[in-house]
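Data first, discussion second: the structure below is written as structure tokens.
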Amino acid sequence: MMRILFLALCGLLTHTQADPGARLRLGMDIMNQVQSAMDESHILEQMAAEAGKKPIKGITNVKVKDVLLPVITLNFIPGVGIFQCVSTGMTITGKSFMGGNMEITVALNITATDRLLQDEETGLPVFKSEGCEIILISVKTNMPSNMLPKVVNKFLDSTLHKVLPSLMCPAIDAVLVYVNKKWASLNAPMPMGQMGMIKYVLTSMPTTTASSVQVDFSPTVQQQGGNTIQPANAGEAFEFPEGYAEGSSQLLLSATFLTAELALLQKSFDVNVHDMKIGQLPPQTTKTLAGFIPKVTKAYPKPKPLVTQIRINKPPKITMETGNSLLHLHGTLEMFAVRRRGKAPVSLFLLESHFNLKIQYSVRENRLQMVTSLNRLLSLSRESSSIGAFNEKKLTGFITDYLREAYVPVVNDALQVGFPLPDLLDMDYNLAELSIVENALVLNLKLN
Numbered sequence: 152m153m154r155i156l157f158l159a160l161c162g163l164l165t166h167t168q169a170d171p172g173a174r175l176r177l178g179m180d181i182m183n184q185v186q187s188a189m190d191e192s193h194i195l196e197q198m199a200a201e202a203g204k205k206p207i208k209g210i211t212n213v214k215v216k217d218v219l220l221p222v223i224t225l226n227f228i229p230g231v232g233i234f235q236c237v238s239t240g241m242t243i244t245g246k247s248f249m250g251g252n253m254e255i256t257v258a259l260n261i262t263a264t265d266r267l268l269q270d271e272e273t274g275l276p277v278f279k280s281e282g283c284e285i286i287l288i289s290v291k292t293n294m295p296s297n298m299l300p301k302v303v304n305k306f307l308d309s310t311l312h313k314v315l316p317s318l319m320c321p322a323i324d325a326v327l328v329y330v331n332k333k334w335a336s337l338n339a340p341m342p343m344g345q346m347g348m349i350k351y352v353l354t355s356m357p358t359t360t361a362s363s364v365q366v367d368f369s370p371t372v373q374q375q376g377g378n379t380i381q382p383a384n385a386g387e388a389f390e391f392p393e394g395y396a397e398g399s400s401q402l403l404l405s406a407t408f409l410t411a412e413l414a415l416l417q418k419s420f421d422v423n424v425h426d427m428k429i430g431q432l433p434p435q436t437t438k439t440l441a442g443f444i445p446k447v448t449k450a451y452p453k454p455k456p457l458v459t460q461i462r463i464n465k466p467p468k469i470t471m472e473t474g475n476s477l478l479h480l481h482g483t484l485e486m487f488a489v490r491r492r493g494k495a496p497v498s499l500f501l502l503e504s505h506f507n508l509k510i511q512y513s514v515r516e517n518r519l520q521m522v523t524s525l526n527r528l529l530s531l532s533r534e535s536s537s538i539g540a541f542n543e544k545k546l547t548g549f550i551t552d553y554l555r556e557a558y559v560p561v562v563n564d565a566l567q568v569g570f571p572l573p574d575l576l577d578m579d580y581n582l583a584e585l586s587i588v589e590n591a592l593v594l595n596l597k598l599n
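Counting the sequence shown from 1 gives a position; my numbering is that position plus 151.
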């Protein structure tokens, strides 16, 4: 099933941009799933049932039985598409022109080239077969051996070459119709929680080689209100890494695309933390803070609870190097002293910060998942202070521990929404093996 589907991608939409956000390489391991399309559609059985309705000169009460399970072989045709060969067999029965019961058992190959067209209404590619031919491998009949061979051969030749093409070639077209429906939702918007939508758009002509079909996507990231998030800058170049078995299939997701997706979650990364006790941290009070900034004691001789407000003021950014991926966050961290009930908290200071988180990737329920851990606090600068000047560098250890214990869980909770993957051919991404290369995440696709 998946086999033919991906072929359809070979003739897809016109080229519109140079830097795809995602790239799919479909090898024969995935494409060979066309076998399941024929099995699931039960098309040969349907064709056999229809055969009894077709008049055949010289035979009455026609029935087709014992249809063999088809063996489907696909081969890529570079620059064209896929050549398909279906090997099967069946027995045709009925009353012969001689008056007795007749059986003709045939083994045959159905061959066709599957080409791709673009549906004018949906813009999606659709498969269409051409050049269907029936090649007889063997023919056996129960016709009496004392009949003249020329009469038998003429009858069989006339019967089979008239009946089989009209009987079997529609099976190829029917399978393609069945397969085309399997990726009809390819360009449908997929939600990311309540924050927005992701839409995978095919924007370049797929390339067919002797071993694969390569498809480029230009995903659209749209906020809930309808605004489209544009990449901050042109995407860095990324390519399929070497070392994968020939004929295998991979999906590449660029760091630029994942960065655009994260922009949907930026507001979810803002937080106000009121808890006095957080993980292994000391109590979040002015007394604890005074251990790093003595001036806090003068302003608040009696310990006051702290409230910390973190705001991300620049779009999150993902970077990728071989084996390593980081999430960069720029924002403000402001600490407040809580006063008596009814009085607003007082801002102690406002810091600008830049820190990064290490990302671990996985797939669950066909969505890309990210889990982060603090990698490093890169910069810390004081923007304002109600307690006077102080050396903010002395807060580096305190803020680092705070981010690790109090803030990273907030980020991970927001990331649980997951990132949708291309809806193709009922693809099961949960089995994929993930690796990080330069500027991209690789999903090495596996069959169930």
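We put the beta carbon where it would ideally sit given N, CA and C, even for glycine.
By a beta-carbon distance limit of 8 angstroms, glutamate 485 does not contact serine 532. Their separation comes to about 13 angstroms.
Cβ neighbours of alanine 488 within its own chain (closer than 7 angstroms, five residues either side excluded): Thr437, Tyr451, Lys455, Leu457, Pro496, Val497, Leu499.
For glutamate 534, there is no enclosing alpha helix (DSSP H); the residue is part of the beta strand (DSSP E) that begins and ends at 518-536.
With contact defined as three or more Cβ pairs closer than 8 angstroms, the segment 457-475 and the segment 410-417 are in contact.
Cβ-Cβ separation between leucine 477 and lysine 509: approximately 6 angstroms, consistent with a contact (criterion under 8 angstroms). Excluding the 5 residues flanking it on each side, valine 277 has same chain C-beta neighbours closer than 6 angstroms at Leu268, Asp270, Asn331, in chain order.
Listed in chain order, the beta strand (DSSP E) runs fully inside the segment 213-291 are 222-228, 232-247, 252-269, counting runs of at least 3 residues. Between methionine 182 and valine 218, the beta carbon gap of about 24 angstroms keeps them out of contact (Cβ cut-off 8 angstroms).
Nearest neighbour of asparagine 260 by Cα position, chosen from Met346, Ile286, Gly569, turns out to be Ile286.
Taking glutamine 460 as reference, the option from Met471, Val561, Ile538, Arg527 with the minimal CA-CA separation is Val561. Residue state for asparagine 338 is assigned as coil, using DSSP reduced to three classes. Looking at the DSSP output, isoleucine 461 sits in a beta bridge with Val422, Leu484. Residue pairing of threonine 371 in beta bridges, as defined by DSSP: Lys350. One Cα belongs to methionine 319, the other to methionine 253, and the distance between them is close to 20 angstroms. Straight-line measurement puts the Cα of proline 229 at about 41 angstroms from the Cα of glycine 344. Annotated as distal: leucine 307 and leucine 594, with beta-carbon spacing of 7 angstroms or more. In this structure, Thr264 is the residue among Lys216, Thr264, Ser536, Ile194 with its C-alpha nearest to the C-alpha of phenylalanine 227. Taking 7 angstroms as the cut-off, the Cβ atoms of arginine 518 and proline 571 count as close.
Looking from the CA of valine 559, the closest CA among Gln375, Val522, Gln365, Ile587 belongs to Val522. Comparing C-alpha distances from arginine 491 to each of Lys453, Lys313, His312, Pro370 shows the shortest one belongs to Lys453. At the C-beta level, serine 363 and arginine 176 come within 7 angstroms of one another. A direct Cα-to-Cα measurement between isoleucine 587 and aspartate 324 gives close to 40 angstroms.
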